[in-house]
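Trainee: Got a structure for you, written out below as structure tokens; questions coming shortly.
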Amino acid sequence: MTDRAAFAAETRGFQAEVKQLLHLMIHSLYSNREIFLRELVSNASDACDKLRFEALDKADLFENDSALKIRIGFDKGSRTITISDNGIGMNRDEAVAHLGTIAKSGTKEFFSRLSGDKQKDANLIGQFGVGFYSAFIVADKVTVLSRRAGEPAEAGVKWECSMAGDEAGEYTVEPYAKALRGTDIILQLREGEDDLLSGWKLRSIIRKYSDHIVQPILMQKEEWDQEKAENVLQDEEETINQANALWTRAKNDISDDDYKAFYKHVSHDFEDPIAWSHAKVEGRHEYTQLLYIPKRAPFDLWDRNPRHGLKLYVRRVFIMDDAEKLLPHYLRFVRGVVDSADLPLNVSREILQESKDVDTIRGGCAKKVLNLLEDLAENRQEDYAGFWREFGRVLKEGLGEDHANKDKIAGLLRFASTHTDTADESVSLKDYIGRMKEGQEKIYYVTAESFNAAKNSPHLEVFRKKGIEVLLLSDRIDEWAVGYLTEFDGKQIVSVAKGDLDLGKLEDEAEKKKVEEQAEEFKPLLEKIKTSLGERVKEVRVTHRLTDSPACLVVDEQDMGANLARLLKAAGQDVPTSAPILEINPEHPVVSRLKSEEAKFDDWAAVLFDQALLAEGGTLDDPATFIKRMNQLMLDMRQ
């Protein structure tokens, strides 16, 4: 056993972002001050859960006391509230790591999104997670006394921080002899918070926010003293919460408020969830799932390091937080609990990776979440639109990750299109198919680096002329996603910028004949342009796509799209080079001029290619030469 008592007392400063967060919480969350007790009780419950899990292999960690519990007390004379647990506890290093820093990513983004509006900033703080720091909403001074289970009494630690006077922004750490394992948090209330020094008040907060906590929450009984005309604390304790796992209760016995309170416990979110699903699965594998869809995306959603997952219990015994193997990675925004009757109690992350039982649970949870989202999309469209804004890009990852549910995921996707006026992604594939023109056999899309670039792409000109809807894809992930989305409901999904455009029945015989005649008529010009541009183009041909622009670039059906190639290059990837196809509009004046041009033909051909490249969002290899050519051609036209 390591002796951790030998460390010196020291005074340390908070990180700058912690100081900012503490200041915001004190001033922005005052109207929601009750959450301090919810957060501290939730942390105490987590500490008990972690001890119970570690004690599966090391029973001596219980130190002859396996009855895990949380105690709440108050002292009117000293104006303090104490939250105690006999959970896993902390040593000195853990106290510094957990209490002196913010151990979550996204801190910079958090502060960049602050508006100065107290109500909005309070919601933002909730998304970030308040946890231990919520103590400073009501307290000027916080003292933490803790000892890790299994370590000697002398290895305890005292962590203390005052937010009043010259000491604000600093905390002290010193050795502390603690006979009992676990953690005591002592809050020295600030002025104006005396109403919290009431058993009735504390009980009402706990029953409102923490009634679902698995461990019993104990408080001293109170009796009315006639002489003092006040409640007097008794020696006897009472349990003030239901102290049973919410997910094990019948759904009819659980209110919406109960579900919402439990969500805030497991997620440390400030806002209510947008939807949830509670089900018991029976059969070959038996487990209970309580799954929540958050209203807001956490700041570390795109961070590769933090684990995102569900709380795993086995027969109501806590096993691990963030068991990411219980859901596919693209559903990492889901919060909740899975309680299995089949997994071994000593389950580890390695076993989770190899277990067929876990594969079954993961598949069942994924299907349940997707069904929940389908119901949301069908019956609560405004709520689903909010979900899509927060998590749409993550859901798109499922097209490549979850082949079994690809059709369900595709049905949940939302897009901007040529039928929408803004970048708002509100068009489903089902909506698109319902609006398809008579005789239309394919779903068309275009990709670009921005909504405006997609909306104004020259590749859309013939589609606008014919009133054919085109999906506008401008998310970075879209290029990757459409590689896995080749059809929906029997309709092929195709890019308008790839291959030889075939509108099928939407193009009449007269139009096809006209294009064939123009291709024959302009054959000498096409060959001349190809010779002039050389290896910059694979082919030059008459276009089916353009009505207003002189030219555009397309790629062969099996080649990598230009936008995807640009994204990969920007990410430092080696991209196989493939020359594009130049399509020209024979009815455009610039092409007509080119047909009769001799002296400056190479310059005109080069400008035509460069313009087409710029129109699709590409970058020029030699911008200076392009500008010089353009200037010279404009001067020649004036003469």
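Per my numbering: the sequence shown = residues 486 to 1124. Cβ atoms here follow ideal geometry from the backbone N, Cα and C, with glycine treated the same way.
With 16 as the cutoff for other CB atoms within 10 Å, does ALA582 come out buried or exposed?
Mentor: To locate residue 582, count along the sequence shown from 1; it is residue 97. With fewer than 16 other beta carbons inside 10 angstroms of its own, ALA582 counts as exposed.
Trainee: Which residues mark the beginning and the end of the beta strand (DSSP E) in which LEU1067 is found?
Mentor: What you label residue 1067 is simply residue 582 of the sequence shown in a count that begins at 1. 1066-1069 is the extent of the beta strand (DSSP E) around LEU1067.
Trainee: Short of 6 angstroms in beta carbon distance, which residues of its chain neighbour LYS626, apart from the five on each side in sequence? Order them along the chain.
Mentor: What you label residue 626 is simply residue 141 of the sequence shown in a count that begins at 1. The beta carbon of LYS626 sits closer than 6 angstroms to those of SER647, GLN673, all from its chain and outside the five residues before and after it, given in chain order.
Trainee: Would you mind reading off the limits of the alpha helix (DSSP H) that contains ASP963?
Mentor: Translated into the one-based positions of the sequence shown, residue 963 becomes position 478. First-last of the alpha helix (DSSP H) with ASP963: 961-966.
Trainee: Out of curiosity, what's the CA-to-CA distance linking MET486 and ILE739?
Mentor: The residue you call residue 486 lines up with position 1 of the sequence shown. The residue you call residue 739 lines up with position 254 of the sequence shown. With a pLDDT of 42 at MET486, under the threshold of 50, the modelled position of this residue cannot be trusted, and the question is left open.
Trainee: Among the candidates ASN937, ALA895, PHE936, PRO943, whose CA atom is the shortest distance from the CA of ILE928?
Mentor: As a position in the sequence shown, residue 928 is number 443, starting the count at 1. The shortest C-alpha to C-alpha distance from ILE928 to any of ASN937, ALA895, PHE936, PRO943 is the one to ALA895.
Trainee: Below 7 angstroms CB to CB, which residues in the same chain sit around GLU659 once its five sequence neighbours on both sides are set aside?
Mentor: For the purposes of this step, residue 659 is taken as residue 174 along the sequence shown, with counting starting at 1. Only ALA494, LYS643 meet the Cβ criterion.
Trainee: Can you give the beta carbon distance from VAL699 to ALA730, rounded, assuming they're within the 8 angstroms contact cut?
Mentor: Here residue 699 refers to the residue found at position 214 when the sequence shown is read from its first residue. Here residue 730 refers to the residue found at position 245 when the sequence shown is read from its first residue. About 5 angstroms separates the two Cβ atoms, so the contact holds.
Trainee: Using a 10 Å radius around the Cβ and a threshold of 16 neighbouring Cβ atoms, would you call ALA544 buried or exposed?
Mentor: Taking the first residue of the sequence shown as 1, we reach residue 544 at position 59. With fewer than 16 other Cβ atoms within 10 Å, it is exposed.
Trainee: Which value, in whole angstroms, describes the spacing of the CA atoms of ALA1109 and ALA1090?
Mentor: To locate residue 1109, count along the sequence shown from 1; it is residue 624. To locate residue 1090, count along the sequence shown from 1; it is residue 605. Cα-Cα distance, rounded: 17 angstroms.
Trainee: Quick one: is ILE1069 buried, meaning 16 or more other Cβ sit within 10 Å of its Cβ, or exposed?
Mentor: Stepping through the sequence shown from its first residue, residue 1069 is reached at position 584. ILE1069 comes out buried.
Trainee: For THR1016, tell me which candidate among SER913, SER762, PHE1086 has the shortest Cα-Cα distance.
Mentor: As a first step, residue 1016 is located in the sequence shown; it is residue number 531 there, counting from the start. For THR1016, the nearest C-alpha among the options comes from PHE1086.
Trainee: Below 7 angstroms CB to CB, which residues in the same chain sit around SER530 once its five sequence neighbours on both sides are set aside?
Mentor: For the purposes of this step, residue 530 is taken as the residue at position 45 of the sequence shown. ILE555, ILE698, VAL699, GLN700, listed in sequence order.
Trainee: Can you tell me the Cα-Cα spacing of ILE670 and ARG577, whole angstroms?
Mentor: Position 185 of the sequence shown holds residue 670. Position 92 of the sequence shown holds residue 577. Whole-angstrom Cα-Cα distance: 15 angstroms.
Trainee: Less than 7 angstroms between C-beta atoms, sequence neighbours within five positions excluded: which residues of the same chain meet that for GLU1042?
Mentor: Working through the sequence shown from its first residue, we reach residue 1042 at position 557. The answer, listed in chain order, is LYS983, GLY984.
Trainee: Report the three-state DSSP secondary structure of VAL699 (helix, strand or coil).
Mentor: Counted from its first residue, the sequence shown places residue 699 at position 214. The answer is coil: DSSP assigns VAL699 none of H, G, I, E or B.
Trainee: Taking DSSP as the reference, what is the three-state secondary structure of ASP842?
Mentor: Position 357 of the sequence shown, counting from 1, holds the residue named residue 842. Reduced to three states, the DSSP call for ASP842 is helix.
Trainee: Going by DSSP, name the residue or residues bridged to TRP709.
Mentor: In the sequence shown, the residue the question calls residue 709 occupies position 224. Beta-bridge pairing links TRP709 to ASN716.
Trainee: Which same chain residues end up closer than 8 angstroms to LEU991 when comparing Cβ atoms and leaving out the 5 residues on each side of it in sequence?
Mentor: As a working mapping, residue 991 is identified with position 506 in the sequence shown. Around LEU991: LYS922, GLY924, GLN925, LYS951, ILE953.
Trainee: For PRO637, which three-state DSSP category applies?
Mentor: What you label residue 637 is simply residue 152 of the sequence shown in a count that begins at 1. PRO637: coil per DSSP, three-state reduction.
Trainee: Would LEU553 pass as a contact of GLY572 if the rule is Cβ separation under 8 angstroms?
Mentor: Along the sequence shown, read from residue 1 onward, the residue named residue 553 stands at position 68. Along the sequence shown, read from residue 1 onward, the residue named residue 572 stands at position 87. Yes.
Trainee: Have a look at CYS850 and ASN856 and give me their C-alpha separation to the nearest angstrom.
Mentor: For the purposes of this step, residue 850 is taken as residue 365 along the sequence shown, with counting starting at 1. For the purposes of this step, residue 856 is taken as residue 371 along the sequence shown, with counting starting at 1. Taking the straight line from one Cα to the other gives about 10 angstroms.
Trainee: Is it right to say VAL717 is buried, meaning 16 or more other beta carbons lie within 10 angstroms of its own, or is it exposed?
Mentor: For the purposes of this step, residue 717 is taken as residue 232 along the sequence shown, with counting starting at 1. Exposed, since its Cβ has fewer than 16 Cβ neighbours within 10 Å.
Trainee: Indicate the three-state DSSP secondary structure (helix, strand or coil) for SER647 in the structure shown.
Mentor: Translated into positions along the sequence shown, residue 647 becomes position 162. Secondary structure at SER647: strand, using DSSP grouped into helix, strand and coil.
Trainee: Using a 10 Å radius around the Cβ and a threshold of 16 neighbouring Cβ atoms, would you call SER689 buried or exposed?
Mentor: Counting from one through the sequence shown, the residue named residue 689 turns up at place 204. Classification of SER689: exposed, given that the 10 Å Cβ count is below 16.
Trainee: Do the segment 837-846 and the segment 909-923 touch if we need at least three Cβ pairs shorter than 8 angstroms?
Mentor: no
Trainee: Fully enclosed by the segment 766-842, which beta strand (DSSP E) runs are 3 residues long or longer?
Mentor: 772-778, 795-799, 802-808, 820-825
Trainee: Would you grab the beta carbon distance between ILE622 and ARG518 for me? Rounded to a whole angstrom, and I think it's under 8 angstroms.
Mentor: Translated into positions along the sequence shown, residue 622 becomes position 137. Translated into positions along the sequence shown, residue 518 becomes position 33. Rounded, the Cβ-Cβ distance is 5 angstroms, consistent with contact.
Trainee: What is the C-beta distance between PHE818 and VAL879, in whole angstroms, given that I count them as a contact (C-beta under 8 angstroms)?
Mentor: Position 333 of the sequence shown, counting from 1, holds the residue named residue 818. Position 394 of the sequence shown, counting from 1, holds the residue named residue 879. The Cβ separation is near 6 angstroms, so the contact holds.
Trainee: If I follow the unbroken alpha helix (DSSP H) through ASP738, where does it start and stop?
Mentor: Taking the sequence shown and counting its residues from 1, the one referred to as residue 738 is at position 253. Where ASP738 is concerned, there is no enclosing alpha helix (DSSP H), given that its DSSP letter is neither H nor E.
Trainee: Take every Cβ of the segment 1073-1082, pair it with every Cβ of the segment 1097-1111, and state whether three or more of those distances are shorter than 8 angstroms.
Mentor: no
Trainee: Taking only the alpha-carbon atoms, compute the straight-line gap between GLU1006 and LEU1018 and give it to the nearest angstrom.
Mentor: Residue 1006 sits at position 521 when you count from the first residue of the sequence shown. Residue 1018 sits at position 533 when you count from the first residue of the sequence shown. If you take the alpha carbons of GLU1006 and LEU1018, they lie about 20 angstroms apart.
Trainee: Could you check where the beta strand (DSSP E) with LEU667 kicks off and where it finishes?
Mentor: Your numbering for residue 667 matches position 182 in the sequence shown. Checking the displayed sequence, the identity of residue 667 turns out to be Gly instead of Leu. Start and end: 667-674.
Trainee: Once you ignore the five residues that flank ALA1004 on each side, which residues in its own chain have a CB closer than 6 angstroms to its CB?
Mentor: Along the sequence shown, one-based indexing puts residue 1004 at 519. Result list for ALA1004: VAL1027, in chain order.
Trainee: Between which two residues does the beta strand (DSSP E) containing PRO1074 stretch?
Mentor: Position 589 of the sequence shown, counting from 1, holds the residue named residue 1074. Not the beta strand (DSSP E): PRO1074 falls in the alpha helix (DSSP H), residues 1074-1081.
Trainee: Taking all protein chains shown into account, decide if THR773 is buried (16 or more other Cβ within 10 angstroms of its Cβ) or exposed.
Mentor: As a working note, residue 773 is residue 288 in the sequence shown. Looking at its Cβ environment, which holds 16 or more other Cβ atoms inside 10 Å, THR773 is buried.
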